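Worksheet: one structure, shown below.
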Amino acid sequence: GNYCVQMVPGTYTIEAYLTKYEVGRKEIIVKEGDAVALDFSLRTLDEYWKEKAREDIKNGCVSINMHGIIAYQVISPEEDWKITQKYGFRYSSGGCVIPVGEETYNTIVQEYLDNRNGKGWKKKMDMEFEARKEELGIR
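Just so you know, we're using my numbering here: the sequence shown kicks off at 2 and counts up by one.
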């Protein structure tokens with residue numbers, strides 16, 4: 002929306018919050034006697050996550066975002082990467098709280114990885130993890 006506010010001179014960071022939308026931020030510098038007009042364009046979080054997935058795929062920086070206590074460590078971050086990099090992604094742990102809309106990112110990434118790696122790639126990868134855990138003596 003459009004907003005007009007009267008402010009004392011200084012530098013401000015204005016943030017707009019709306020449920021299920023990304024945070025809108027603008028930095029403004031106000032001089033004596035200025036009236037400041039603010040214009041925010043906010044994307045929904047689904048739009049944000051769709052764009053992030055497309056950018057990550059384009060840049061070759063794809064992750065599968067996991068949540069929970071042991072979200073992504075099948076073995077360890079380093080050992081996991083040795084296997085997952087062959088399939089074009091890395092696991093990323095986001096803690097216990099799932100951001101609104103993040104499922105959209107994972108859905109797009111899963112579709113991309115299915116197309117990239119072909120049918121049955123997840124089972125093949127799981128077998129590689131099991132073989133590596135056996136080599137390392139991990140149950």
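All residues carry an ideal CB built from backbone N, CA and C; glycine is no exception. Every value quoted in this text rests on a predicted model; they were computed, and no experiment measured them.
- Message: In whole angstroms, give me the CA-to-CA distance for L114 and I29.
- Response: Cα to Cα, L114 sits roughly 42 Å from I29.
- Message: Quick check on DSSP: helix, strand or coil for E33?
- Response: coil
- Helix or strand or just coil, what does DSSP make of K27? For K27, the three-state secondary structure derived from DSSP is strand.
- Message: If the criterion is Cβ atoms closer than 9 Å, does the pair G89 and R133 meet it?
- Response: no
- Item | Distance, D35 Cα to P10 Cα | 8 Å
- Item | Where I84 sits in the DSSP three-state scheme | I84: helix per DSSP, three-state reduction.
- Output the distance between the C-alpha atoms of Y13 and S93, rounded to the nearest integer angstrom. If I take the Cα positions, the gap works out to 34 Å.
- Would you decide whether I139 is buried or exposed? Buried here means 16 or more other CB atoms lie within 10 Å of its CB. Exposed, because fewer than 16 other Cβ atoms sit within 10 Å of the Cβ of I139.
- Item | For S93: DSSP bridge partner residues | N66
- If G102 and D47 are in contact, beta carbons under 8 Å, what's the gap, nearest whole angstrom? 5 Å
- Kindly list the residues whose CB is nearer than 8 Å to the CB of L137, restricted to its own chain and excluding five residues on each side of it in sequence; keep chain order. I76 and E80
- Query: Which two residues bound the contiguous alpha helix (DSSP H) that contains V9?
  - Reply: For V9, there is no enclosing alpha helix (DSSP H), as DSSP gives it neither H nor E.
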